[in-house]
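Position one of the sequence shown corresponds to residue 1 (UniProt numbering), numbered consecutively onward.
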Amino acid sequence: MIAETVCSAVAAAGLGIAVVTAYRKRYLAATRIAAYALVPLGLVMAGVVDWLADTAFSPTAWAGFGVLGLSWVLFATTRTVERRRGGTRKERRAARQAAAPAAAAPGASAPALGEATPRGESPAPRRAPASQGDDDFSDIEAILKKHGI
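Dropping the structure here:
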């Protein structure tokens, strides 16, 4: 009962301020003040104030808010742990399989990239391998034979 009276008084005071503001030819501000002033009155008329008063003094309602808070904490904790571990078990397994290095052929050559050089220095000149005739193609022949070609 007191809450309804206070909200009605706040609405009346706000509407009075809106009238004074409109008298000063500040119509946009007056309209905004009137809108804010009518909110408490609308809440009283809709029954929200009664619902809040009943909820504020109900132990069952507070226990319900406590259960909701606990469930939110549990959910947030599991999400945090899942992010630190890198996802679900299936996601981690798929990531491990994708990151596994592909098996190289036994006679595979070294990577084509050269050694890294410090900034500002030119790379060392490469020496052309001496031509060994048929030995150049022996690696290729071995690979083709391995695949049955």
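For every residue, glycine included, the Cβ atom is placed at its ideal position computed from N, Cα and C. Keep in mind the model is a prediction, meaning the values are calculated, not measured.
**OP:** Consult DSSP for I143 and reduce its assignment to one of helix, strand or coil.
**Re:** Reduced to three states, the DSSP call for I143 is helix.
Original post:
How long is the line joining the alpha carbons of L28 and A22, rounded to whole angstroms?
Top reply: 8 Å
Original post:
Hey, I33 and A18 are a contact pair by Cβ (cut 8 Å); roughly how many whole angstroms apart?
Top reply: 4 Å
**OP:** Could you name the residues of the same chain whose beta carbon sits closer than 7 Å to that of V49, not counting the 5 residues immediately before and after it, in chain order?
**Re:** Contacts found: A3, E4, C7 and L43.
**OP:** Answer yes or no: do V73 and P40 have a C-beta to C-beta separation smaller than 7 Å?
**Re:** no
Subject >> Extent of the continuous alpha helix (DSSP H) to which S71 belongs >> reply: P59 to R85
Original post:
Does the Cβ-Cβ distance between T55 and A63 come in under 7 Å?
Top reply: no
**OP:** Give me the Cα-Cα distance between Q97 and R83, rounded to the nearest whole angstrom.
**Re:** 19 Å
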